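By the count of our numbering, the sequence shown reaches residue 1080 at its end, each step adding exactly one. Every residue gets a Cβ at the ideal spot worked out from N, C-alpha and C, and that includes glycine. As the structure is a computational prediction, the values presented were derived from the model and not from experiment. Take a look at the structure set out below.
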Amino acid sequence: MDLASSLQFVAVALVFYIVYGAVYRLYFSPIASFPGPKLAALTFWYEFYYDVVRRGRYTWKIAELHKKYGPIVRINPREIHIIDPDFIDELYVGASKRKTDLWSWTVPMLGTPNSILATVDHDLHRRRRNAYATFFSKQSIRNYSSVIQAAVDKLCLRLRESSKFGKPVNLLHTYSAMTGDIVTGYCFPESYGLLDKPDYGAEIYELFASTLANVHILKHFPLLLPLLLALPEWLVQFLVPDFATTFRWQREWVRQINAIKSGADDEKDRAGTPSIFRTLLDADLPPYDKSASRLMEDAQTLLGGGSVTTSMALALATYYILSDDHVLRTLTDELATAIPDPAHPLPLVELEKLEYLTATTFETLRISHGVSHRLQRVSPDQSLRYHDWIIPAGTPVSMTSVHIHNNVDIFPEPHLFKPERWLPLETEGRRLQRYLIAFSRGSRQCLGMNLGSAELYLGLAGVFRTLGHSMRVVDTVKERDVDICRDIFTPAMREDTTGIKVVIEGVGFLQMLLNEVERSKLSK
């Protein structure tokens, strides 16, 4: 066969393959009968348009599709999406009910295909998760709460110091520094000391911001990451500087893990409390699970997950509380009664008993969503049933926190920040918690939910007991800087956002003197 004939054969075969694929997806796929737009059933380019071209808008397009097609919709050639809140506990189940795999197509999204978050197989994920479970239990986080409180105190000190200059502070940066110090101090022998840096460690904030900005590209083009990893560093820096920065940090995490493995960092562990990676490296785990290359991916996942979502939640909460005199007054009054002396804060277990602070924490989780991207689950062995629909085993099925948290039947006026909707906690709070999925549910529920919750309680209590009436929102446009309108796995504002900013007012000479005393204590 000559070259011309070969090319002709290849062209005919390619056309046949495309036509066969289209016919199969539209008419013979196991989910061909499910409602939804034909174009979405035909090709992933439909989703690509909304998430890549329109910059993270498919979450909102899916909501529109549900209005047209009903509570269950086929949103791409492989996936079913359900918007019915009463299906949450049927989809996101514990390991005792059935196995739950991750959809392999989503693995490349975050650039950590071997991390615990991206582990596809149910049993392997369970083994890897169990290795971390002790660190993130409720009791372990309570034991770690003194470190969280110290970070909150240092944040409040930095914020008070900013009043000397009257310069606006970007809350996304400050809260990211606080949560970053907390999680790095837990993972490694020493925290990164971001709160001590003049720019609040902006490089780390920008690192995860740029990583999230590329999640949809990586999902649709899974070969891009291995291709970039194969290129020389200088070429990656020239072509895509964001990825070059990520790769540099990944090498740094490998270096840190190898230093722990060699024992070089043993003397730095805090007061006899081993770091997470120190303990994992000593654990009875398969060699690959303890390899520096794989633990590096877990480090990126833990640091990103432990700082980005919680700092976003705290920044949004601060904006909404300061923007509503009633909420601000009610919260600060409760905190002033419970904490007469701000220098002696309440322990976490006592803060969790405060009704309005708890309601504010729940409302913060609702309005910030946690993860805004739909979370797919695959039941490999059992079919699922939604009313009269039988979803075949092996089909990716998803729900989205943004849709549930904005459901007007459950949360009337969902665009408003209303802690009162959770009160009284014993009745309304208990009922509404069923629909609060900022940390997801089931066997793949957010590993760090207890840490995130503790940071919200201690962070909100510390900031508003100390600085509540001294903060004022400035240079912040709600439609641009606050309203969530994009999905980059985590919630995002408009691309032209300049952040959520406040100034600290009314801190006099005596407070400045107290600041210096407090700084000397924190430095010891």
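Given Leu598 as reference, the closest of Val579, Glu969, Pro901 once Cα atoms are compared
Start at 1 with the first residue of the sequence shown, and residue 598 comes out as number 42. Residue Val579 is the option with its Cα nearest to Leu598.
Measure the C-alpha to C-alpha separation of Ile631 and Thr835 and round it to an integer number of angstroms.
As a working note, residue 631 is residue 75 in the sequence shown. As a working note, residue 835 is residue 279 in the sequence shown. Rounded to whole angstroms, Ile631 to Thr835 spans 42 Å at the Cα level.
Cβ neighbour criterion (16 or more within 10 Å) applied to Glu823
Indexing the sequence shown from 1 puts residue 823 at position 267. Residue placement at Glu823 is flagged as unreliable, the pLDDT there being 48, under the threshold of 50; a coordinate-derived value is accordingly withheld.
Sort Glu984, Tyr605, Gly926, Ala1017 by Cα distance to Ala706 and report the nearest one.
Counted from its first residue, the sequence shown places residue 706 at position 150. Looking at the Cα atoms, Ala1017 is the closest of the given residues.
With 9 Å set as the bound, which would you pick, yes or no: does the beta-carbon of Ala560 sit closer than that to a beta-carbon of chain C?
Protein chain content of the structure displayed is limited to a single chain, and chain C is not contained in it.
Beta-carbon proximity check, Glu906 vs Ala894, cutoff 9 Å:
Taking the first residue of the sequence shown as 1, we reach residue 906 at position 350. Taking the first residue of the sequence shown as 1, we reach residue 894 at position 338. Their beta carbons are under 9 Å apart, which means Glu906 touches Ala894 by this criterion.
Runs of alpha helix (DSSP H) wholly within the segment 693-749 (minimum 4 residues, chain order)
694-718, 727-743
Would you mind stating whether Leu904 and Leu1014 have Cβ atoms separated by less than 9 Å?
The residue you call residue 904 lines up with position 348 of the sequence shown. The residue you call residue 1014 lines up with position 458 of the sequence shown. Closer than 9 Å, so yes.
What residues match up with His637 in a beta bridge as DSSP calls it?
Mapped onto the sequence shown, residue 637 falls at position 81. The partner list for His637 (beta bridge, DSSP) reads Val629, Ser954.
Taking the Cβ atom as the reference point for each residue, do Gly1055 and Leu728 lie within a distance shorter than 9 Å?
Indexing the sequence shown from 1 puts residue 1055 at position 499. Indexing the sequence shown from 1 puts residue 728 at position 172. It is a contact, given that the beta carbons lie within the stated cut-off.
Which of the three DSSP states is assigned to Val1029 in this structure?
Position 473 of the sequence shown, counting from 1, holds the residue named residue 1029. Here Val1029 sits in strand by DSSP.
Taking its Cβ as the centre, do 16 or more other Cβ atoms sit within 10 Å of Ile1044, making it buried, or is it exposed?
One-based indexing of the sequence shown puts residue 1044 at position 488. Buried is the call here.
Out of Arg804, Pro778, Gly722, Gln793, which has the shortest C-alpha to C-alpha gap to Glu759?
Here residue 759 corresponds to residue number 203 of the sequence shown, with the count starting at 1. For Glu759, the nearest C-alpha among the options comes from Arg804.
Between the alpha carbons of Leu1004 and Gly861, how many angstroms are there, rounded?
Working through the sequence shown from its first residue, we reach residue 1004 at position 448. Working through the sequence shown from its first residue, we reach residue 861 at position 305. The question names Leu, yet the displayed sequence has Gly at residue 1004. So the two alpha carbons sit approximately 8 Å from each other.
Alpha carbon to alpha carbon, what distance is there between Ala899 and Asn1071?
Mapped onto the sequence shown, residue 1071 falls at position 515. Mapped onto the sequence shown, residue 899 falls at position 343. Residue placement at Asn1071 is flagged as unreliable, the pLDDT there being 48, under the threshold of 50; the coordinate-derived value follows with that caveat. Asn1071 and Ala899: Cα-Cα distance of roughly 11 Å.
Could you tell me which residues DSSP puts in a beta bridge with Ile1060?
For this step, residue 1060 is matched to residue 504 along the sequence shown. For Ile1060, which the question treats as bridged, DSSP gives the partners Met1027.
What residues in its chain sit with their C-beta under 7 Å from that of Ser849, if we drop five residues either side in the sequence?
Here residue 849 refers to the residue found at position 293 when the sequence shown is read from its first residue. Here the set comprises Val810.
Grab me the residues of Asp657's own chain with a C-beta within less than 7 Å of its C-beta, minus the 5 sequence neighbours each way, in chain order.
As a working mapping, residue 657 is identified with position 101 in the sequence shown. Taken in chain order, the residues that qualify are Val676, Asp677, His678, Val934, Pro936.
Measuring straight from C-alpha to C-alpha, what distance separates Ala689 and Tyr573?
One-based indexing of the sequence shown puts residue 689 at position 133. One-based indexing of the sequence shown puts residue 573 at position 17. Rounded to the nearest angstrom, the two C-alpha atoms are 46 Å apart.
Could you tell me the alpha carbon to alpha carbon distance between Arg698 and Gly1008, rounded to whole angstroms?
As a first step, residue 698 must be located in the sequence shown, where it is residue number 142. As a first step, residue 1008 must be located in the sequence shown, where it is residue number 452. Using only the alpha carbons, I get a separation of about 12 Å.
Can you name the start and end residues of the alpha helix (DSSP H) that Thr835 belongs to?
As a first step, residue 835 is located in the sequence shown; it is residue number 279 there, counting from the start. Segment 832-838, the alpha helix (DSSP H) holding Thr835.
Between Tyr742 and Ser831, how many whole angstroms is the CB-CB distance? I'm expecting something under 8 Å.
Residue mapping note: residue 742 aligns to position 186 of the sequence shown, counting from 1. Residue mapping note: residue 831 aligns to position 275 of the sequence shown, counting from 1. Between Ser831 and Tyr742 the Cβ distance is about 7 Å, and since that is below 8 Å, they are a contact.
If distances are taken between C-alpha atoms only, which option among Leu582, Asp1037, Asp840 comes closest to Val686?
Locating residue 686 in the sequence shown gives position 130, counting from the first residue. The sequence shown places Asn at residue 686, not Val. For Asn686, the nearest C-alpha among the options comes from Asp840.
Report buried or exposed for Gly667, applying the criterion of at least 16 other Cβ atoms within 10 angstroms of its Cβ.
In the sequence shown, counting from the first residue as 1, residue 667 sits at position 111. The residue in question, Gly667, is buried, as its Cβ has 16 or more Cβ neighbours within 10 Å.
Am I right that Pro664 and Leu774 are in contact with their C-beta atoms under 8 Å? What's the rounded C-beta distance?
Position 108 of the sequence shown, counted from the start, is the residue given in the question as residue 664. Position 218 of the sequence shown, counted from the start, is the residue given in the question as residue 774. Contact holds; Cβ gap of about 5 Å.
Asp1043 bridges to which residues according to DSSP?
Looking up residue 1043 in the sequence shown gives position 487. DSSP output for Asp1043 lists Pro1047 as bridge partner(s).
For the segment 650-680, which segments carrying the alpha helix (DSSP H) assignment without a break, of at least 4 residues, lie completely within its bounds, in sequence order?
none
Let's see if you can read the secondary structure: which residues bound the beta strand (DSSP E) around Gln1001?
If you number the sequence shown from 1, residue 1001 lands on position 445. No beta strand (DSSP E) holds Gln1001; DSSP gives it neither H nor E.
The beta strand (DSSP E) with Gln932 in it runs from where to where?
Looking up residue 932 in the sequence shown gives position 376. First-last of the beta strand (DSSP E) with Gln932: 931-934.
Output needed for Val1029: all residues of its chain with C-beta closer than 8 Å, excluding positions within five of it in sequence on either side, in chain order.
The sequence position of residue 1029 within the sequence shown is 473, counting from 1. Cβ neighbours of Val1029 beyond the five flanking positions: Tyr875, Leu878, Ser879, Ile1056, Lys1057, Val1058.
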